[in-house]
Ligand SMILES: C[S@@+](CC[C@H](N)C(=O)[O-])C[C@H]1O[C@@H](n2cnc3c(N)ncnc32)[C@H](O)[C@@H]1O
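Residue numbers (our numbering): 39 to 320.
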């Protein structure tokens with residue numbers, strides 16, 4: 039991490055414990071805007087679709103992503119990458135990190151589902167695409183779809199899963215959960231990882247999920263944040279900063295039941311704060 043980034047991090051830590059002086063507040067503001075300008079200056083990646091890049095541009099984006107990874111802390115990559123709507127090079131770097139960091143939780147949560155040969159599976163808010171790649175190894179002869187309303191996420195998922203797309207097993211759509219380009223009763227399984235926090239209207243969006251799920255199909259909502267005693271201050275800060283929905287266990291049951299789901303089961307991984315809410319379309 040460079041000196042300015044590390045100074046900013048120190049000030050942020052200090053602010054969690056005690057109030058900053060006016061001088062420190064000014065310094066923090068100046069550091070933030072300096073770092074943001076550097077990141078903005080790097081951001082050319084979303085000006086045209088990735089498939090139109092020349093080899094030199096492709097290399098440039100790879101170098102910039104590497105530079106971002108070296109120079110900025112995880113938290114800064116997340117802030118610049120916009121987890122609620124990943125954007126540009128910073129978004130790409132963040133999605134790459136999430137592909138790794140969400141892996142153990144995703145694997146744990148998916149192990150609760152029983153897949154059948156030939157299942158058709160949807161991932162909502164597919165981000166960097168690792169969950170779809172994982173699903174493709176769990177479902178024999180499966181067919182897969184991903185949707186995400188962020189263009190950067192759609193491109194990242196496509197790039198991560200080019201072989202699945204070439205094999206005709208995966209399609210990726212730029213669309214919101216609120217209005218999905220699928221017919222009624224299309225999927226045997228639907229999953230969503232770390233995305234429901236940002237859906238515009240959870241109750242009506244859940245009805246849309248229900249619509250495209252087959253009768254008897256399973257929906258699995260996976261998250262590493264849910265409302266319960268003892269959430270650390272850093273998590274509470276993120277909830278506020280990104281305006282994240284944060285339901286408690288009763289809140290999930292309420293909405294799932296209202297939507298019409300049956301057999302609701304909540305799995306919680308002790309010591310990790312991971313939650314997986316499983317349910318069946320009646
Ligand atoms: C924190 S990222 C998680 C990405 C990926 N599922 C993972 O676990 O790494 C949240 C993703 O949800 C997507 N998302 C947020 N709101 C959405 C909506 N209304 N419709 C579709 N996707 C949405 C974002 O664009 C982003 O790619």
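Even glycine gets a Cβ: it sits at the ideal position worked out from N, Cα and C. Values in this document were obtained by computation on a predicted structure and should not be read as measured data.
Selection from the options that minimises the alpha carbon distance to residue i
i	options	result
residue 181	210, 191, 100, 198	210
residue 267	256, 284, 260	284
residue 199	115, 218, 164	164
residue 316	67, 63, 149	149
residue 265	305, 288, 248	288
residue 158	192, 69, 145, 251	251
residue 310	55, 41, 142	142
residue 128	269, 54, 118	118
residue 115	98, 136, 306, 69	136
residue 42	52, 230, 54, 72	72
residue 54	274, 229, 303, 190	274
residue 261	171, 140, 190, 45	140
residue 123	303, 249, 237	237
residue 102	130, 145, 290	130
C-beta neighbour in chain B for residue i, strict 9 Å
i	result
residue 66	The question asks about chain B, but that chain is absent: this structure has only one protein chain.
Cα-Cα separation, residue i to residue j
i	j	result
residue 318	residue 60	54 Å
residue 320	residue 194	34 Å
residue 301	residue 294	10 Å
residue 81	residue 100	The predicted position of residue 81 is uncertain, since its pLDDT is 43 and thus under 50; a value taken from the coordinates is nonetheless stated next. When rounded, the distance between both Cα atoms is 12 Å.
residue 154	residue 173	12 Å
residue 84	residue 63	Confidence at residue 84 is low in this model, with a pLDDT of 43, below 50, so the placement of that residue should be treated as unreliable; the coordinate-derived value is given next. In a straight line, the C-alpha of residue 84 is about 33 Å away from that of residue 63.
residue 214	residue 220	12 Å
residue 58	residue 276	20 Å
residue 39	residue 134	Low confidence applies to residue 39: its pLDDT is 48, below 50, so where it sits in the model is not reliable, and the reading given next is rough at best. Their Cα atoms are separated by approximately 18 Å.
residue 66	residue 56	14 Å
residue 217	residue 308	35 Å
residue 272	residue 192	29 Å
residue 313	residue 235	13 Å
residue 246	residue 270	33 Å
residue 166	residue 298	30 Å
residue 51	residue 70	14 Å
residue 94	residue 120	26 Å
residue 196	residue 230	17 Å
residue 202	residue 179	12 Å
Distance cut-off 8 Å: residue i Cβ against heavy atoms of ligand 1
i	result
residue 276	no
residue 118	no
residue 238	yes
residue 337	Here the chain covers residues 39 to 320 and nothing more, so residue 337 does not appear.
residue 208	no
residue 137	yes
residue 121	yes
Contact between the segment 181–197 and the segment 273–281 (3+ Cβ pairs under 8 Å) | Counting Cβ pairs under 8 Å, fewer than three are found: no touch.
Entirely within the segment 112–196 and at least 3 residues each: give me those beta strand (DSSP E) ranges in chain order.
-> Counting only runs of 3 or more, we get 158–162, 181–186.
Give a yes or no on contact between the segment 255–262 and the segment 225–236, applying the rule of three or more CB pairs nearer than 8 Å.
-> Cβ pair count under 8 Å is three or more, so yes.
Please confirm if the segment 239–247 is in contact with the segment 200–208, defined as three or more CB-CB distances below 8 Å between the two stretches.
-> Between the segment 239–247 and the segment 200–208, the count of C-beta pairs closer than 8 Å stays below three; the two stretches do not touch.
Uninterrupted alpha helix (DSSP H) stretches inside the segment 227–296 (no shorter than 4 residues) | Listed in chain order, they are 240–250, 271–279.
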